[in-house]
Amino acid sequence: MDELSEYSSEILEFMPTQQLGKQCKMVGACVSTDFEASSQDKSVETTLRLHTSTQTELSTSLQTHVDEQRLALWLRKIYPAVEAQLLKGITPLNNSCETVDHAFTSSNEKLNVQIYQKITVGGTENSQGIATWLSVHTNNAPMLVVSTRSPHDSWCDHLQQTLKLLVPNRMQTANLVVYTEFKNLPLKACLGCLSTNTFNKSIFAGSTMDGDIHIWECRSNNRVGDNKSSITLASTYEI
């Protein structure tokens, strides 16, 4: 065990920052050298009031006066030019593109629409027609489903309605397709609408004016090496 021995170290002295015997002047906390606060009345300040909508416009109570006679004369003057521009139709996007040239016709040209084939369904009391295309193809042309109806106020009492399936037949002598009736389906009421399935257009549905919903499916079985085809149309569901 070590023995403890007495040892006196060197005395270190820290000199004061102020001289001994000198008195410092005490300053009261209430005394300040800041300038005196301004006593200007806030009610007479000259700050401009800005408009809240733009933050830059001065608010004025003056209202602008509109001369209605001059405005009417100006509108009457530009009206013929505006009407002429509207009658010209849509301006083509790019005249250099062939697709745009085919899509947009000039204002001098008129579309010549002719009746390709008139289909007689029958029924003198029916004045409206309803039809839809099917994706089932025969002879590179889609099939057609048609029916007729008459305007209804509330209830339908037409019990002898038909839904006709028309099949296209391509003529050998001329480059045209003629639709002929292939099959009839009886209906107990007029059809209000016909709709084709988006994912399978061989399935289509129709709703009658009495509230019934029918779903049909059309199938075409083309024989390999033969021009003949077998087509079936049947009602799959009836709600």
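Numbers 0 to 238, taken from numbering that gives the first Met the number 0, label the letters of the sequence shown in order. Every residue, glycine too, gets a C-beta built ideally from N, C-alpha and C. All values reported here derive from a predicted model rather than from experimental measurement.
- Annotation: the continuous alpha helix (DSSP H) that includes Pro79 extends over 67-86.
- Ala140 sits in a strand when the DSSP states are folded into three classes.
- Between Leu133 and the set Gln160, Ile202, His213, Val120, the nearest pair of CA atoms involves Ile202.
- Straight through space, the alpha carbons of Leu143 and Asn196 are spaced by roughly 14 Å.
- Residue pairing for Glu180: DSSP places it in a beta bridge opposite Leu165.
- Of the candidates Ala173, Ser146, Gly128, Leu85, Ser146 places its Cα closest to the Cα of Thr161.
- Spatial neighbours of Gly128 in its own chain (CB-CB distance under 6 Å, excluding positions within 5 residues in sequence) are listed in chain order as Thr147.
- Minimum Cα-Cα distance from Leu193 among the listed residues Glu5, Thr16, Met208 corresponds to Met208.
- Contact check for Ala188 and Cys155: beta-carbon distance about 4 Å, within the 8 Å limit, so the pair qualifies.
- Looking at Ala71, Gly191, Leu190, Val177, the one whose alpha-carbon comes closest to that of Pro141 is Val177.
- Beta-bridge pairing by DSSP links Phe203 to Thr195, Trp215.
- Judged by DSSP in its simplified three-state form, Leu158 adopts coil rather than helix or strand.
- If you check the CB distance, Lys163 and Lys182 come in under 9 Å.
- Around the C-beta of Gly205, 16 or more other C-beta atoms lie within 10 Å, and the residue is accordingly described as buried.
- The C-beta distance from Ile114 to Leu165 rounds to 15 Å, too long to meet the 8 Å contact threshold.
- In the structure shown, Val145 falls within a strand segment according to DSSP collapsed to helix, strand and coil.
- According to DSSP, Gln127 shares a beta bridge with Arg148.
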